[in-house]
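Asks:
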Amino acid sequence: MATSSGSCLIISLLVVVVAAALSASTASAQLSSTFYDTSCPSAMSTISSGVNSAVAQQARVGASLLRLHFHDCFVQGCDASILLNDTSGEQTQPPNLTLNPRAFDVVNSAFTAAMVKMGNLGPLTGTSGQIRLTCWKLNSS
Numbered sequence: 001m002a003t004s005s006g007s008c009l010i011i012s013l014l015v016v017v018v019a020a021a022l023s024a025s026t027a028s029a030q031l032s033s034t035f036y037d038t039s040c041p042s043a044m045s046t047i048s049s050g051v052n053s054a055v056a057q058q059a060r061v062g063a064s065l066l067r068l069h070f071h072d073c074f075v076q077g078c079d080a081s082i083l084l085n086d087t088s089g090e091q092t093q094p095p096n097l098t099l100n101p102r103a104f105d106v107v108n109s110a111f112t113a114a115m116v117k118m119g120n121l122g123p124l125t126g127t128s129g130q131i132r133l134t135c136w137k138l139n140s141s
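Going by the UniProt record's numbering, the sequence shown opens with residue 1, and the numbers climb by one from there.
In structure tokens:
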């Protein structure tokens with residue numbers, strides 16, 4: 001009897017230690033609304049502008065975007081596969097057939113706007129270059 005209560009105590013302690021370790025490792029991986037503030041300060045305004053424009057044109061697109069995000073991120077693990085346009089892709093799967101196509105258009109146009117801005121950056125040429133620490137300015141020497 002003493003052995004079984006001792007085993008229960010050890011198992012309980014082990015469960016607490018594992019739970020504490022798991023919560024500590026996930027606590028550092030939290031999302032942040034300020035993630036791009038220093039590396040690409042116009043990211044949020046570009047996205048916000050695109051979404052606001054789409055909502056102004058069609059009010060229900062806000063709910064459609066939320067539903068699109070839910071289906072891709074919470075149900076399927078947030079791999080953005082729902083945005084792929086192939087014939088056997090996620091968009092044609094039964095659970096996603098009721099998603100508003102306008103939501104896909106909003107995401108695609110925001111992505112396109114971001115790619116255009118990136119395309120306007122002048123490439124560095126030569127044998128010595130650098131990877132920019134922030135997208136909008138050169139690294140200090």
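Cβ coordinates follow ideal geometry from the N, Cα and C atoms, glycine included.
Expressed to the nearest angstrom, what Euclidean distance is found between the alpha-carbon atoms of ILE47 and GLN93?
Replies: By 1-based counting over the sequence shown, the position of residue 47 is 47. By 1-based counting over the sequence shown, the position of residue 93 is 93. The straight-line gap from Cα to Cα measures roughly 27 Å.
Asks: Counting C-beta neighbours from all protein chains within 10 Å, is the total for SER53 16 or more, i.e. buried, or is it exposed?
Replies: As a first step, residue 53 is located in the sequence shown; it is residue number 53 there, counting from the start. Label assigned to SER53: exposed.
Asks: Could you please give the first and the last residue of the uninterrupted alpha helix (DSSP H) stretch that includes ASP37?
Replies: Numbered from 1 along the sequence shown, position 37 holds the residue referred to as residue 37. No alpha helix (DSSP H) contains ASP37, which DSSP labels as neither H nor E.
Asks: Indicate whether the contact test is met: 3 or more Cβ pairs, each with one atom in the region 63-70 and one in the region 31-46, closer than 8 Å.
Replies: Contact between the region 63-70 and the region 31-46 is absent, because fewer than three Cβ pairs lie under 8 Å.
Asks: Take THR112 as the anchor and find which of THR98, ALA43 and ASP37 has the nearest alpha-carbon.
Replies: Numbered from its first residue, the sequence shown carries residue 112 at position 112. Answer by Cα proximity: ALA43.
Asks: Can you tell me which residues form a DSSP beta bridge with THR134?
Replies: Sequence index remark: in the sequence shown, residue 134 carries index 134 (1-based). Answer by DSSP bridge pairing, in chain order: LYS137.
Asks: Take VAL106 as the anchor and find which of GLY89, GLY62 and THR98 has the nearest alpha-carbon.
Replies: Reading the sequence shown from its first residue, position 106 is the one you call residue 106. Minimum Cα distance to VAL106 is reached at GLY62.
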